[in-house]
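Residue numbers (UniProt numbering), protein chains in the order written: chain X, 1 to 278; chain Z, 1 to 278; chain R, 1 to 278; chain S, 1 to 278.
Given below as C-alpha cells:
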C-alpha cells in the first residue's frame with residue numbers, strides 16, 4: 001500500500017498522468033528502507049540522505065522527521081508485519097524539455113510486506129563494463145530514479161547477484177544496489193567515499209561493526225585487480241545486511257569466513273546502536 | 001492527443017500505474033519530431049535513432065517505418081495542423097531495483113499542436129558547470145528520459161535559451177536540447193561526434209546546408225575558450241531549426257550574420273532534401 | 001657558476017656522461033629560487049618542496065637545510081649580486097630502460113646573476129590545448145625535468161608570456177611556469193590545490209598578501225569560461241612575483257588595477273614575513 | 001660505442017654540458033632497435049616512428065632512411081656482433097624554462113653488444129597504480145625520455161619482469177617497455193591503439209603472425225579483470241620478441257602454451273616479412 005496526498009491507497013488505486021514530469025524528464029528522488037521487528041531501521045539516516053538528494057534539485061523538504069516516522073509507523077500497523085519502504089519525492093514546478101525549475105514536490109511512500117528472496121546457492125558477482133557516472137556529471141550521493149549507469153549495468157547482470165561498477169578512472173566503486181567490501185589478510189577494505197560512491201548506511205554500520213570487533217578497516221581507492229587478489233568479497237545493502245560472495249565472474253572463488261562472522265554479528269550490532277532507531 | 005495500445009486518447013484519459021517501471025527505475029526511450037506543412041520532418045532519421053536507443057536496452061522494435069509513419073499521418077489529420085510529436089518507448093520485462101531485463105515494450109506517440117514559443121528579444125546561452133556523462137557510463141546517442149546530466153544542467157538555465165555542457169575532459173559538447181555551432185573567420189565549427197554528443201538531425205542538415213553554400217565546416221574537438229573567441233554562435237534543434245545567439249553569459253556578444261543567413265536558407269534547404277521526407 | 005660534489009665550477013667546466021641516467025630515462029628533480037638583496041627568498045619552502053619531489057622517487061635528502069643555505073650564501077658571495085638558483089637532484093641507483101630503483105643522488109646547485117628580462121609591452125597569455133597530466137599518472141607537486149605536458153605546452157607559446165593549461169577534466173590549472181589568478185568584482189580567485197596544480201610559493205604569498213589587505217580570495221575549481229568573464233588576470237612566479245596580464249589570446253583584454261596594486265605591495269609584504277627568510 | 005656529429009666515439013669519450021637542454025627541460029626523443037644476424041630489424045618502422053615523435057616537437061629529420069641505415073651497418077661492422085641500437089634526437093633551438101622552440105637537432109646513435117639477460121625462472125608481471133598519461137596531455141606514440149608515468153611505474157617493479165599500466169579510464173594499456181597480450185579460449189586479445197598505447201613494432205609482427213597461423217586476434221579495449229580471467233598472458237618487446245608470463249602479482253598463474261608456440265614461430269616469421277628488413 002502507499003500514502004499519497006495524505007491518503008492511504010492500495011497500489012491498484014494509484015495512477016498518475018502519462019504527462020507526469022518525472023516520467024518524461026526524470027527527477028524522482030527516492031530512498032529505500034526496511035523494518036526489523038516492525039521498527040524502522042536507520043530512518044533518520046535515510047531521511048537526511050533524502051533531504052540531500054532533494055537539495056540537489058533545489059527542493060527543501062518541509063516535513064519534519066517526526067512526522068515522517070509517524071506515517072511509516074501508521075503504515076506498518078496497517079500492513080501488520082515487517083515491511084520494505086520506498087519513499088519517492090516527485091518535483092513540481094516548471095519542468096519541461098526546455099527547463100527544470102522546481103517549486104514544490106509530492107511525497108509518496110510505498111509500504112510492502114518485507115520479502116527477502118531466497119538466497120542463491122552460490123552468490124556470484126561480475127564486473128560491469130559500464131562506468132559509474134562521474135561526480136562532475138551527477139553527484140554520487142544523488143539517489144534518483146533512472147540513473148542511466150545503474151540501469152545499463154543492471155542489464156549485464158545475468159545470473160549474478162549484483163554487478164560491480166568501476167568509476168571514471170577505473171577505480172572500484174559499488175554494485176548497482178550494494179556496497180563492496182573485500183578482505184585481504186584479515187584486513188577489511190572498502191572504496192572510500194571519494195571514490196565516487198553512494199554513502200551506504202549499511203556500509204557505515206558494517207565499518208563500525210568491524211571496528212567494534214577489532215578488525216582493521218581501510219577506506220581507500222581500490223583497484224579492480226585487488227578483487228582478484230582478495231581472500232573474501234562481500235556486499236552490503238539495506239534489505240539484506242551483509243552478503244558474502246562466492247565467486248567473481250568465472251575467475252575467482254572466495255572464502256567466506258570473515259563475511260559469515262560479520263553476518264552472525266550484524267543484527268545484534270545494529271540493534272545496539274541508538275542512532276539506527278531514532 | 002496520443003496513441004497507446006492502438007487507441008487514440010486525449011491526454012486527460014491517459015494514466016499509468018504509480019508502479020510503472022520507467023517511473024521507478026528509468027528506461028523510457030524517446031524521440032521528438034515535428035511536421036512542416038503537415039509533413040513529418042526527418043521521420044526516418046528519428047525512427048532509426050529510436051531503434052538505436054532501444055537497441056541499447058536490448059529492445060528490437062518490431063513496427064516498421066511505414067506503419068509508424070501512417071500512425072503519425074493519421075494523428076496529424078485528427079489534430080488538423082502542424083504538430084510536434086513525442087514518441088515514447090516503455091520497456092517491459094523483469095525490471096526492478098535488482099535487475100533490468102527487457103522482453104518487450106509499449107509504444108506511445110504524443111501529438112500536440114506545434115507551438116513554437118515567441119523568440120526572446122535576446123538569445124542568451126550560458127555554460128553549465130555540469131559535465132556531460134561520459135560515453136563509458138552512458139552512450140551519448142542514447143536518448144532516454146531522466147539523463148541526470150541534462151536534468152541538472154537544465155536547473156542552471158535561468159533566463160538563458162539553453163545551457164551548453166562540456167564533456168568529461170572539458171571539451172564543448174552540446175546544449176540540453178540543442179547542438180552548438182560557432183563561426184570564426186567565416187568558418188563554421190561544431191563539435192565532432194566523438195566529442196560525446198547526440199548526433200542531431202538538424203545538426204546534420206545544417207552542416208550539409210553550409211557545404212551546399214560553399215561555407216567551410218569543421219567538425220572537431222572544440223575548447224570552451226573558442227566560444228569566447230568566436231564571431232558568432234548559433235544553436236540547432238528540431239523544433240526551431242537554426243537559432244543565432246546574441247550573448248554568452250555576460251562575457252561575450254556575437255554578430256549574427258552567418259546565423260541569420262542560414263536561418264533564411266534553412267526551410268528551403270531541408271525541403272529540397274529527399275531523405276528528410278521519406 | 002655551480003657547485004657539484006663539493007666543488008665550485010664555472011659552467012664551461014661541468015660535463016656529464018652521455019649515459020647520464022637522467023638524460024636517458026628522466027628523473028632529474030629540481031627547484032628554482034632567487035634572492036632579494038642577496039637574501040634567499042623562501043629557501044625553506046623550496047627545500048621542503050624539493051624533499052617532497054625527491055620522496056616521490058624514494059630518495060631521502062640527507063643534507064639539512066642549514067647546510068643547504070650556507071652553500072647558497074657562499075655562492076652569492078662569489079657571484080656578488082642577486083642570483084637565480086637552480087637546484088638539481090640527480091638520482092643514482094639501478095636505473096635503466098627496464099627499471100628505476102634509486103639508492104642515492106647527486107646534488108648540483110647552479111647560481112647565475114639574476115636577470116629579469118625586460119617586461120613585454122603587453123603581457124599576453126593564451127590557453128594551451130595540452131592538458132596537464134592527471135595526478136594519477138604523475139603527482140602535480142612533483143617538480144621534475146622533462147614533464148612532457150609542460151614541454152608540449154611551452155611549444156604553443158608564440159609571443160605569449162605564458163600559456164595556461166587545463167586539467168584532465170577541463171578545469172583551469174596553471175601556466176607552464178606560473179600560477180594563475182583572476183579578479184571578478186574585486187574578489188580574487190585562483191585554482192585550488194585539488195585542481196591539480198603545483199603549490200606555488202609565490203602563489204601562497206600572494207594569497208596571504210590579499211588577505212592581509214582585506215581582499216576576498218577564493219581557492220576553488222575554476223572553469224575556463226571564467227577567464228573570459230574576469231575583470232583581471234594575473235600570474236605569479238618566483239622570479240617576478242606578480243605579473244598583471246593585458247590580454248587573453250585575441251579574445252579578451254583586462255584591467256590591471258588590482259594586479260598593479262598587488263605588485264606595489266608585494267616586495268614589502270614578502271619582506272615582512274619571517275618564514276620567507278629562514 | 002656511439003656516433004655523434006659524424007664521429008665514432010667510445011662511450012667514455014662522450015660528454016655533454018650540464019646545461020644540456022634535454023637534461024634540464026626534457027625533449028630527448030629516442031628509439032631502441034636491435035639486429036638479428038647483424039641485420040637491422042624493422043629499421044624503417046622505427047625510423048618512421050622516430051620521425052613521428054620528432055614531428056610532435058616540430059622537428060623535421062633531414063637525414064634519409066638509407067643514410068641512417070648505412071651508419072648503423074657501419075657500426076655493426078665495427079662492433080662485429082649483434083647489437084642493440086639506441087637512437088637519440090636532441091632538439092636544439094630556444095629552449096629554456098620559459099619556452100621550447102625547436103630549430104634543429106643533434107642525432108646520436110649508440111650501439112652496444114646485444115645482451116639479452118638470462119630469463120628469470122618465473123616471469124611475473126604486476127599492475128601499476130600509476131596511470132598512463134592521457135593522450136590529451138601527451139600523445140601515447142611520443143617516445144621521449146623521461147615520461148614521468150613510465151618512470152614512476154618502473155619504480156614499482158620489484159621482482160616483476162614488467163609492470164602493466166592502466167589508462168586514464170582504467171583500461172589496460174601496456175608495460176613500461178612492452179605490449180600486453182592475453183589469450184582466452186584460444187583467442188588472442190590485445191589493447192587497441194585507441195586504448196592509448198605505443199604502436200609497438202613487435203606487437204604488430206605478433207598480431208600478423210597470429211593471423212598467419214589462423215589464430216583469432218582481437219584488438220580492443222581491455223578491462224583489468226580480463227587479466228585475471230585469461231588463460232595466458234604474454235608480453236612483446238623489441239629486444240626479446242614474445243615473452244610468455246607465468247604469474248600476475250600473487251593472484252593468478254597462467255598456462256604458456258599459445259605463448260610458447262608463438263615464441264617458436266617468431267624468428268622465422270619476422271625473417272620472412274620483407275618490410276622488416278628494408
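No residue lacks a Cβ here, since even glycine has one placed at the ideal position from N, Cα and C.
DSSP places residue 48 of chain R inside the alpha helix (DSSP H), whose first and last residues are 43-56.
Contact between the region 26-35 of chain S and the region 221-237 of chain R is not established, with fewer than three Cβ pairs separated by less than 8 Å. Chain-order list of chain Z residues neighbouring residue 132 of chain X: 137, by C-beta distance under 8 Å. Between the region 124-142 of chain S and the region 186-206 of chain R, the count of C-beta pairs closer than 8 Å stays below three; the two stretches do not touch. Where residue 162 of chain R is concerned, there is no enclosing alpha helix (DSSP H), although the beta strand (DSSP E) around it starts and stops at 162-166. DSSP places residue 174 of chain R in the uninterrupted beta strand (DSSP E) bounded by 172-175.
From the beta-carbon of residue 98 of chain Z, the residues of chain X found nearer than 7 Å are 177.
For residue 265 of chain R, the enclosing alpha helix (DSSP H) starts and ends at 257-272. In summary, residue 224 of chain X is buried, with 16 or more beta-carbon neighbours lying within 10 Å of its beta-carbon over all protein chains present. If you check the CB distance, residue 79 of chain R and residue 111 of chain R come in under 8 Å.
In chain order, 11 make up the part of chain S whose C-beta sits under 7 Å from the C-beta of residue 19 of chain R. Relative to residue 157 of chain R, the option among R/201, R/176, R/49, R/6 whose CA is nearest is R/176.
Residue burial is scored here from C-beta neighbours: residue 81 of chain S has fewer than 16 other C-beta atoms within 10 angstroms and is therefore classed as exposed. Annotated three-state conformation of residue 8 of chain Z is strand, per DSSP.
Contact note: residue 170 of chain Z reaches chain R through 131, 166, 167, 168, 169, 170, 171, 223, 224, using a C-beta cutoff of 9 Å and chain order.
Straight-line measurement puts the Cα of residue 33 of chain S at about 15 Å from the Cα of residue 98 of chain R. Residues of chain S whose Cβ lies closer than 7 Å to the Cβ of residue 63 of chain R do not exist, since the nearest Cβ in that chain is about 19 Å away.
For residue 205 of chain X, the enclosing alpha helix (DSSP H) covers residues 201-212. At least one C-beta of chain S is nearer than 8 Å to the C-beta of residue 148 of chain R. Counting of Cβ neighbours within 10 angstroms places residue 120 of chain Z among the exposed residues, the total staying below 16. Around the Cβ of residue 200 of chain S, a 10 Å sphere holds 16 or more other Cβ atoms; the residue is buried. In terms of beta-carbon proximity, residue 50 of chain X stays away from the interface with chain Z, with every pair separated by 8 Å or more. For residue 148 of chain Z, the uninterrupted alpha helix (DSSP H) segment begins and ends at 148-154. In terms of Cα proximity to residue 17 of chain R, the closest of S/30, S/6, S/2 is S/2.
For residue 93 of chain S, the uninterrupted beta strand (DSSP E) segment begins and ends at 83-96.
For residue 71 of chain Z, the secondary structure class from DSSP, reduced to helix, strand or coil, is helix. Put simply, the region 44-64 of chain X does not touch the region 38-52 of chain Z. Fewer than three CB pairs are less than 8 Å apart. With its beta carbon less than 8 Å from one in chain S, residue 127 of chain X belongs to the interface. Per DSSP, reduced to three states, the secondary structure at residue 225 of chain Z is helical. Counting along the chain, no alpha helix (DSSP H) covers residue 136 of chain S, and no H or E run does either. The region 263-274 of chain X and the region 57-74 of chain Z do not touch, with fewer than 3 CB-CB distances between them shorter than 8 Å. Against chain Z, the beta carbon of residue 202 of chain X has no neighbour under 9 Å; the closest one sits roughly 15 Å away.
Of the residues assessed, residue 148 of chain S falls on the buried side of the cut-off, its CB having 16 or more other CB atoms within 10 angstroms. Taking residue 13 of chain X as reference, the option from Z/12, Z/13, Z/10, Z/19 with the minimal CA-CA separation is Z/19. When rounded, the separation of the alpha-carbon atoms in residue 43 of chain R and residue 196 of chain R is 23 Å. Residue 252 of chain R reaches chain Z at 228, counting residues in chain order whose Cβ is nearer than 7 Å.
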